[in-house]
Amino acid sequence: MTAVSSGPPRVLGHTRPDAVTTAFDDHHPPDPALIADCVHCGFCLPACPTYLLWGEEMDSPRGRILLMDLAARGEIGMDREVVRHWDACLGCMACVDACPSGVQYNRLVEQVRPQIERHFTRPWHVRASRAALFAVLPNPRRMRSLASAVAVTQALGLRRALRMKPLQRLVPKTVRRLDDMAPSLRLADVRSRTPHHLRPRGQRIMRVAMLTGCVQDAFFTHVNRATARVLAAHGCEVLVPPLQSCCGALEIHAGREEPALRRMRNLIAQMETLDIDHIVVNSAGCGSAMKGYGAFLADDPFWAARAAAFSARVRDVMEVIAELDVQLPARLHSLPVRVAYHDACHLAHAQGVRLQPRAVLGRIPDLELADLKESDVCCGSAGIYNLVAPQAADDLGDRKAANVAASGAELLTAGNGGCLLQIQAALRRAGHPLPVVHPVELLDASIRGLPVAQLQARPRNR
Ligand code: SF4
Ligand code: SF4
1111 MTAVSSGPPR VLGHTRPDAV TTAFDDHHPP DPALIADCVH CGFCLPACPT YLLWGEEMDS
1171 PRGRILLMDL AARGEIGMDR EVVRHWDACL GCMACVDACP SGVQYNRLVE QVRPQIERHF
1231 TRPWHVRASR AALFAVLPNP RRMRSLASAV AVTQALGLRR ALRMKPLQRL VPKTVRRLDD
1291 MAPSLRLADV RSRTPHHLRP RGQRIMRVAM LTGCVQDAFF THVNRATARV LAAHGCEVLV
1351 PPLQSCCGAL EIHAGREEPA LRRMRNLIAQ METLDIDHIV VNSAGCGSAM KGYGAFLADD
1411 PFWAARAAAF SARVRDVMEV IAELDVQLPA RLHSLPVRVA YHDACHLAHA QGVRLQPRAV
1471 LGRIPDLELA DLKESDVCCG SAGIYNLVAP QAADDLGDRK AANVAASGAE LLTAGNGGCL
1531 LQIQAALRRA GHPLPVVHPV ELLDASIRGL PVAQLQARPR NR
């Protein structure tokens, strides 16, 4: 295959006389060696959610890699059709798990997305809605203002009015979609903050810093507070640095490389001032990005070692609890409920965290784990995917909701806020509005002796 040579960026139609024409510039194009690892065996196809939906070769990992190969060789350009197939990828990494040849599709998709951002011009309305999303979502302060607005409109009954047919035509599509996905919120919840410091219960076993996140800090403050309590109950001294920035996950997964790297550097600088054993995360998407900082900043001489040291300390909250519980079991109360556990892609496929949440939930007396078919097939949330590709996201959400309903569960749990919102919306569409909670909330309820009804009574996104 044609190697991509060094030098200034060369894009199809803008080649130097002595250069190979290629659709990519020279800043981290999809690595030809990684592309060549694919032997086109097709073992990944049944694992790929978009291939499951549409049965289209170019919407499979193998097809997308072939398109990268052809684009690198200059046999195709970065046109609308090609970008459509790459854009339709959820970045769920199920194909990485399924591939017997060890193809690192995760790295390939991380390399191709910034190339799309640099060389493909999306229609103006798509650019406008993406710009609006990225002006708000990764900004904790703006997210909290948005969450407050959602809480107020809900309290005044305006969300219902927004959904009335005549008004719907006046509301932009992205806003309607955000409204569909936004959870029910109480202003008091949005305003209450996670304490900046929690002492361990009993002897201190470790000292951790917690990421509060951007979307998480606005829509899931109750999960952040439960996480801090559960960690403290297991012997952790918990630090919650104030004024945290977003971790950059949403932007890096969308190919917005520069702002994402800026956020990564900010967070590293903030966390490295603390004397801690681990950086604990309760959101799968954030955790997988933070474990990847070392790779994202590998060619930055000032940050490479610092980023690698940061990544080495990142743990999902369920990893920490599974490890600590062995040493210091907290007293757990009965929680008689049948629960379906959904494997968030960025926890199961990207971080390999599958057993720990199940093991932790399995310790809660009387909690029963239901069999959930296709528990590790993407629910369609995938960062901003359910906002920018609503039809595919809904199809996957409906498939997930049908499986949850068939499991006979009374409650759905997943270690990622985006999945919780996406599955909750799908369950509601299916007429099966189960409560959805983070696993840490179940553990928190069991430690505090709260009744299941309290979890089930939480307001849903209506
Ligand atoms: S990505 Fe892996 S599993 Fe899929 S076709 Fe290529 S080699 Fe086979
Ligand atoms: S990351 Fe997920 S959606 Fe994308 S090609 Fe792989 S399996 Fe398919």
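Going by the numbering used here, the letters in the sequence shown line up with residues 1111 to 1572, in that order.
Glycine included, every Cβ here is placed at the ideal spot set by N, Cα and C.
Check: residue i C-beta below 7 Å from any heavy atom of ligand 2
i: Tyr1495; result: no
i: Pro1140; result: no
i: Cys1151; result: no
i: Cys1202; result: yes
i: Ala1157; result: yes
i: Cys1199; result: yes
i: Val1219; result: yes
i: Cys1529; result: no
i: Cys1205; result: yes
i: Thr1383; result: no
i: Thr1132; result: no
i: Thr1337; result: no
i: Thr1304; result: no
i: Thr1331; result: no
i: Thr1263; result: no
Simplified DSSP state of residue i, which is helix, strand or coil
i: Ala1555; result: helix
i: His1344; result: coil
i: Asp1289; result: helix
i: Thr1131; result: coil
i: Ser1115; result: Confidence in Ser1115 is poor, its pLDDT being 34 and thus under 50, which makes the residue's placement unreliable; the coordinate value appears in the next sentence. Reduced to three states, the DSSP call for Ser1115 is coil.
i: Arg1309; result: coil
i: Arg1464; result: coil
i: Val1424; result: strand
i: Leu1353; result: coil
i: Gly1152; result: coil
i: Arg1126; result: Per-residue confidence for Arg1126 stands at a pLDDT of 41, beneath the threshold of 50, marking its modelled position as unreliable; the derived number appears in the next sentence. Looking at Arg1126 - three-state DSSP - the assignment turns out to be coil, as it is neither helix nor strand.
i: His1459; result: coil
i: Val1121; result: With a pLDDT of 41 at Val1121, under the threshold of 50, the modelled position of this residue cannot be trusted, and the question is left open.
i: Met1203; result: coil
i: Glu1185; result: coil
i: Pro1142; result: helix
i: Arg1303; result: coil
i: Arg1172; result: helix
i: Ala1567; result: coil
i: Arg1335; result: helix
Range covered by the beta strand (DSSP E) that runs through residue i
i: Asp1197; result: Looking at the DSSP string, Asp1197 is not in any beta strand (DSSP E); the run it does join, the alpha helix (DSSP H), is Arg1190 to Asp1197.
i: His1452; result: Val1447 to His1452
i: Val1318; result: Met1316 to Met1320
Closest residue to residue i among the options (Cα-Cα distance)
i: Ile1557; options: Leu1531, His1443 and Lys1510; result: His1443
i: Gln1466; options: His1459, Cys1455, Val1430 and Glu1520; result: Val1430
i: Leu1616; options: Ala1143, Arg1174 and Leu1144; result: This structure leaves residue 1616 out entirely; the chain is present only between 1111 and 1572.
i: Glu1551; options: Met1316, Arg1335, Gly1152 and Ala1417; result: Arg1335
i: Asp1453; options: Leu1482, Val1260 and Asp1504; result: Leu1482
i: Phe1420; options: Leu1341, Met1428, Ala1319 and Ala1342; result: Ala1319
i: Arg1287; options: Arg1314, Arg1240 and Asp1299; result: Arg1240
i: Val1470; options: Gly1525, Leu1506, Ala1492 and Asp1508; result: Gly1525
i: Val1348; options: Cys1357, Ala1338, Gln1354 and Ser1355; result: Ala1338
i: Leu1531; options: Arg1251, Ser1170, His1138 and Ser1294; result: Ser1294
i: Arg1366; options: Ala1511, Pro1248, Gly1165 and Val1547; result: Pro1248
i: Thr1132; options: Arg1252, Ala1181 and Gln1566; result: Ala1181
Residue i beta carbon near ligand 1 (any heavy atom closer than 7 Å)
i: Arg1172; result: yes
i: Cys1213; result: Note on residue identity: the sequence assigns Val, not Cys, to residue 1213. At least one heavy atom of ligand 1 is nearer than 7 Å to the Cβ of Val1213, so yes.
i: Ile1145; result: no
i: Ala1086; result: An answer regarding residue 1086 cannot be provided, because it is not within the stretch 1111 to 1572 covered by the chain.
i: Ile1175; result: yes
i: Cys1324; result: no
i: Cys1148; result: yes
i: Cys1346; result: no
i: Cys1154; result: yes
Endpoints, the alpha helix (DSSP H) within which residue i is located
i: Met1253; result: Pro1250 to Ala1265
i: Ala1157; result: Premise fails: Ala1157 is in no alpha helix (DSSP H) and is neither H nor E.
i: Phe1329; result: Val1325 to Phe1329
Segments of 3+ residues assigned as beta strand (DSSP E) that fall wholly inside the stretch 1364-1417 | Segments of the beta strand (DSSP E) lying fully in the stretch 1364-1417: 1388-1391.
Entirely enclosed alpha helix (DSSP H) segments - the stretch 1474-1558, minimum 4 residues | 1495-1498, 1500-1517, 1527-1539 and 1549-1558
Minimum length 4: unbroken alpha helix (DSSP H) runs contained in the stretch 1207-1236 | 1215-1229
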